[in-house]
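Everything below concerns the one structure shown next.
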Amino acid sequence: MSYLETTKDVYREAALTPDVGLCCTTNPIWELPGLKIPKIMQEMNYGCGTTVHARDLTNSPKTLYVGVGGGMELLQFAYFSRQESGVVGVDVVDEMLEASRRNFKEAEELNPWFKSEFVDLKKGDATDLPVEDNSIDVAAQNCLFNIFKTEELTKALKEMYRVLKPHGRLVMSDPTCEQEMNEELRNDERLRALCLSGSLPIKDYVKALTDAGFGTIEIRARKPYRILDPKNYPTKNLVYIESIEVAAIKDPMPEDGPCVFTGKAAIYYGEDDHFDDGAGHILIKNQPLAICDKTAGALASLGRDDIFISESTFHYDGGGCC
């Protein structure tokens with residue numbers, strides 16, 4: 001049985017018998033004014049973070065969510081796009097799609113504004129999406145792409161890039177791991193299906209996105225997620241896994257490479273009221289400016305003693321240099 005078939009079996013079981021402990025989500029279940037999330041959706045929240053950010057969702061965007069789970073994030077996206085088929089949910093597991101349909105009926109009872117028709121559920125594969133080119137404003141996935149091996153991951157990211165409109169954004173939440181995993185752990189198909197043994201280092205994760213063509217990458221959060229220990233997993237050492245929340249924007253690729261925001265900032269503290277680097281970056285005195293790693297390198301290369309550049313915080317919430 002391939003790892004993809006194992007994955008289908010794991011989530012088929014999770015659809016038929018909700019498993020609260022399947023994923024250790026790193027975010028509390030938040031509710032917006034007028035939004036009530038059914039308990040069953042909370043129990044079927046099989047993600048490691050969140051992909052729903054209000055600043056991505058202005059003007060009723062057309063939204064795509066791949067790997068529907070119990071429908072919680074689909075409901076949250078629908079809150080911002082209250083129109084027929086405003087949100088498209090795609091999943092390869094029939095039982096998960098059916099569970100989401102049932103959960104949406106309960107959501108209708110709790111939320112007078114919500115109608116199931118706001119969400120268009122489709123059976124489909126992340127590597128061959130049943131969605132037209134350039135038709136989506138915001139695409140999202142939570143704890144799905146990390147399951148894929150290199151070939152499938154490359155296909156899935158290219159598919160997301162294909163369906164997004166220019167300047168549309170792909171919002172993702174996945175586990176990452178900077179430690180080397182032993183072969184037994186790395187090849188455990190069930191652990192891969194649980195989004196654990198396939199965890200990539202952040203630099204490889206970002207490279208996969210830029211290789212797909214995304215010109216701007218925002219690392220929005222980096223949080224502790226899980227420990228894989230020798231008592232419970234096939235590993236000789238403790239393996240520390242983090243969750244990462246990232247937005248990849250379908251901007252044109254700059255000639256000098258992608259703009260990758262990892263939470264760095266620059267602060268000018270010289271004698272003038274501002275500093276202009278002549279490359280489109282103006283630093284107001286003692287006002288921090290979020291900068292991409294590329295700009296951080298360029299400013300550092302100037303060798304000035306009146307510009308401070310912070311380390312990466314791996315937290316970014318907009319307002320950057322590019």
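Numbering (the UniProt record's numbering), first residue to last: 1 to 322.
Ideal placement from N, C-alpha and C gives every residue a C-beta, glycine not left out.
Since this is a predicted model, take the numbers as computed values, not measurements.
Cβ distance (whole Å) where residue i is taken to contact residue j below 8 angstroms
| i | j | result |
| --- | --- | --- |
| Leu200 | Ala139 | No, Leu200 and Ala139 are not in contact; Cβ-Cβ is about 19 angstroms, not under 8 angstroms. |
| Asp251 | Gly215 | 4 angstroms |
| Ile227 | Leu209 | The Cβ separation is near 27 angstroms, so there is no contact. |
| Tyr268 | Lys294 | Their Cβ separation, rounded to whole angstroms, is 18 angstroms, which puts Tyr268 and Lys294 out of contact at 8 angstroms. |
| Val88 | Asp133 | That belief does not hold up - the Cβ atoms of Val88 and Asp133 are roughly 14 angstroms apart, past 8 angstroms. |
| Tyr3 | Val93 | That belief does not hold up - the Cβ atoms of Tyr3 and Val93 are roughly 15 angstroms apart, past 8 angstroms. |
| Met41 | Leu75 | 7 angstroms |
| Ile136 | Leu164 | 5 angstroms |
| Gly319 | Cys292 | Gly319 to Cys292, Cβ: 12 angstroms. No contact. |
| Ile309 | Ala266 | 5 angstroms |
| Leu289 | Ile307 | 10 angstroms between Cβ atoms; not a contact. |
| Asp149 | Asn182 | It should be pointed out that residue 149 corresponds to Lys in this sequence rather than to Asp. Lys149 to Asn182, Cβ: 17 angstroms. No contact. |
Buried versus exposed call for residue i [16 or more other C-beta atoms within 10 Å across all chains shown]
| i | result |
| --- | --- |
| Pro130 | exposed |
| Gly70 | buried |
| Asn142 | buried |
| Asp272 | exposed |
| Lys62 | buried |
| Asn45 | buried |
| Lys8 | buried |
| Asn232 | exposed |
| Pro254 | exposed |
| Ile147 | buried |
| Asp276 | exposed |
| Gly47 | buried |
| Ser100 | buried |
| Asn187 | exposed |
| Arg222 | buried |
| Ile29 | exposed |
| Ala54 | exposed |
| Asp56 | buried |
| Thr51 | buried |
| Asp229 | exposed |
| Pro258 | buried |
| Glu159 | buried |
Contacts around residue i, its chain only, beta-carbon distance under 6 angstroms, and the 5 residues preceding and following it disregarded
| i | result |
| --- | --- |
| Glu152 | Thr127 |
| Arg106 | Contrary to the premise, residue 106 reads as Glu rather than Arg in this sequence. Excluding sequence neighbours, Glu106 sits near Pro38. |
| Leu191 | Ser197 |
| Ala248 | Leu170, Leu209, Phe214, Ile217 |
| Lys36 | Leu110, Asn111 |
Other residues of its chain near residue i: CB distance less than 7 angstroms, five sequence neighbours each side excluded
| i | result |
| --- | --- |
| Gly263 | Ile219, Ser312, Thr313, Phe314, His315, Tyr316 |
| Pro224 | Glu242 |
| Glu84 | Glu117, Phe118 |
| Trp113 | Gly34, Arg82 |
| Pro234 | Glu184, Leu185, Asp188 |
| Cys103 | In the sequence under discussion, the amino acid at residue 103 is Asn, which differs from the Cys named in the question. Taken in chain order, the residues that qualify are Pro38, Ile40, Met41, Gly70, Gly71. |
| Ala300 | Ile309 |
Beta-bridge pairing of residue i - partner residues as DSSP gives them
| i | result |
| --- | --- |
| Tyr65 | Gly89, Ala140 |
| Asp128 | Asp125 |
| Asp204 | Its beta-bridge partners do not exist; DSSP assigns none. |
| Val260 | Ile217 |
| Ala266 | Leu289, Ile309 |
| His274 | Ile284 |
| Lys223 | Ser243 |
| Gly320 | Ala290 |
| Leu157 | Bridge partners of Leu157: none, in fact. |
| Val119 | Val87 |
| Leu228 | Val239 |
Enclosing alpha helix (DSSP H) for residue i [first to last residue]
| i | result |
| --- | --- |
| Glu109 | 94-110 |
| Glu189 | 189-193 |
| Glu13 | 3-16 |
| Ala300 | 293-300 |
| Ala78 | 72-79 |
| Lys39 | 39-43 |
Residue range of the beta strand (DSSP E) that includes residue i
| i | result |
| --- | --- |
| Met181 | Segment: none, Met181 is in no beta strand (DSSP E) and carries neither H nor E. |
| Tyr240 | 239-249 |
| Met172 | 164-176 |
Spatial neighbours of residue i in its chain, beta-carbon cut-off 8 angstroms, leaving aside the 5 residues before and after
| i | result |
| --- | --- |
| residue 329 | Past the edges of the chain, shown from 1 to 322, lies residue 329, and the structure says nothing about it. |
| Cys177 | Ser199, Leu200, Pro201, Val239, Tyr240, Ile241, Glu242 |
| Ser60 | Phe80, Ser81, Arg82, Gln83, Gly86 |
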